[in-house]
């Protein structure tokens, strides 16, 4: 009887030991699992296939299209889009993780910024197939997360990071127009309405200061550094918005014409007009004989 009891106890002990080992291994496995699943688990592998992005808020839509290797904005006459902004948006989506489940009651969407008026809907397409359908609501500063809905599902979530997406199409423009080193500018001719001209120049690139042409005999130039400041506007010439050139009239009465001549034989012409307290510029670049 005692032998039987001992054998039973041994079997049970061995069984318990096996169970404990199993539990420990399972605990290790669970411990290594990320408790917060990715918002879009497969998006990283699909990023290179994305060729269209739709951003919608209320009735306002922005369509970003990939043409060959570049991105353009459909609503802005296919003008080039800001690649860095697109890449950052995709990085935010691929790195974000679901933090906690929130309401599935549509009546509470407004509290999270996920109602029809406030939510921003993002759709990502690859070869006409919809890869992502995401509604973005408010960003919670204290929790460092954004309220979202996926695939038009009623369930809402708090997901990690700030997923804010710009809904103003002009903010998606590639805003750098010109970036020319001031050291490369040989001469600048500014023609005001009425043909009054200002000419700034230097003879060679090693010359550190610019000269002003046609100074009246009774006048003297007190600070040559101001001439360099005028030239430096060509270094970072950025746009705020665009429109077809045909929609703006650059009349002689309201247009200032600036011609920059470079040491590598380029002529950069900027026509600048002031219309209704707004500045409009038309640019052209061409070669000119030495």
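In my numbering, the protein residues as written are 5 to 294.
All C-beta atoms in this analysis are idealised placements derived from N, C-alpha and C, irrespective of residue type, glycine included.
Own chain residues within Cβ distance below 7 Å of residue i, not counting five before or after
i	result
residue 208	none
residue 78	67 and 69
residue 231	204, 214 and 216
residue 194	201, 202, 260 and 262
residue 80	173, 177 and 246
residue 110	158
residue 76	69, 82, 83, 84 and 85
residue 74	84
residue 166	143 and 150
residue 288	273
Proximity below 8 Å, CB of residue i to CB of residue j
i	j	result
residue 106	residue 151	yes
residue 278	residue 258	yes
residue 188	residue 267	yes
residue 118	residue 161	no
residue 304	residue 290	Because the chain is modelled from 5 through 294, residue 304 falls outside the range shown and cannot be assessed.
residue 177	residue 97	no
residue 238	residue 264	yes
residue 269	residue 241	no
residue 253	residue 192	no
residue 56	residue 129	yes
residue 99	residue 163	no
residue 206	residue 190	yes
residue 141	residue 116	yes
Counterpart residues of residue i in DSSP-defined beta bridges
i	result
residue 235	None, per the DSSP bridge assignment.
residue 63	Beta-bridge pairing links residue 63 to no other residue.
residue 70	75
residue 180	242
residue 148	Answer by DSSP bridge pairing: none, since residue 148 is not bridged.
residue 139	125 and 153
residue 54	Per DSSP, none; premise fails for residue 54.
residue 225	None; residue 225 has no bridge partner.
residue 210	Per DSSP, none; premise fails for residue 210.
residue 83	77
residue 118	For residue 118, which the question treats as bridged, DSSP gives no partner whatsoever.
residue 163	102 and 150
residue 133	130
residue 215	205
With 16 other Cβ atoms within 10 Å as the buried cut-off, status of residue i
i	result
residue 32	Here the model assigns residue 32 a pLDDT of 42, short of 50, so the residue's position is not dependable, and the following value carries that caveat. It is exposed - the Cβ of residue 32 has fewer than 16 other Cβ atoms within 10 Å.
residue 85	buried
residue 147	exposed
residue 250	exposed
residue 93	buried
residue 123	buried
residue 284	buried
residue 168	exposed
residue 40	exposed
residue 87	exposed
residue 71	exposed
residue 134	exposed
residue 95	exposed
Beta-carbon contacts of residue i that lie in its chain and below 6 Å, excluding the five residues immediately before and after
i	result
residue 58	67 and 127
residue 179	242 and 243
residue 53	130
residue 125	60 and 139
residue 104	162
First and last residue of the uninterrupted alpha helix (DSSP H) at residue i
i	result
residue 88	87–99
Span of the beta strand (DSSP E) around residue i
i	result
residue 271	270–279
residue 50	Here residue 50 belongs to no beta strand (DSSP E); instead the alpha helix (DSSP H) covers 47–50.
residue 159	No beta strand (DSSP E) holds residue 159; DSSP gives it neither H nor E.
residue 173	Taken as a continuous stretch (DSSP letters only), residue 173 belongs to no beta strand (DSSP E), as it is neither H nor E.
residue 42	Here residue 42 belongs to no beta strand (DSSP E), and DSSP marks it neither H nor E.
residue 259	259–266
residue 205	201–205
residue 284	282–291
residue 189	189–195
residue 102	102–105
Chain-order list of residues whose beta-carbon lies under 8 Å from that of residue i (same chain, five-residue window excluded)
i	result
residue 196	202 and 260
residue 256	197
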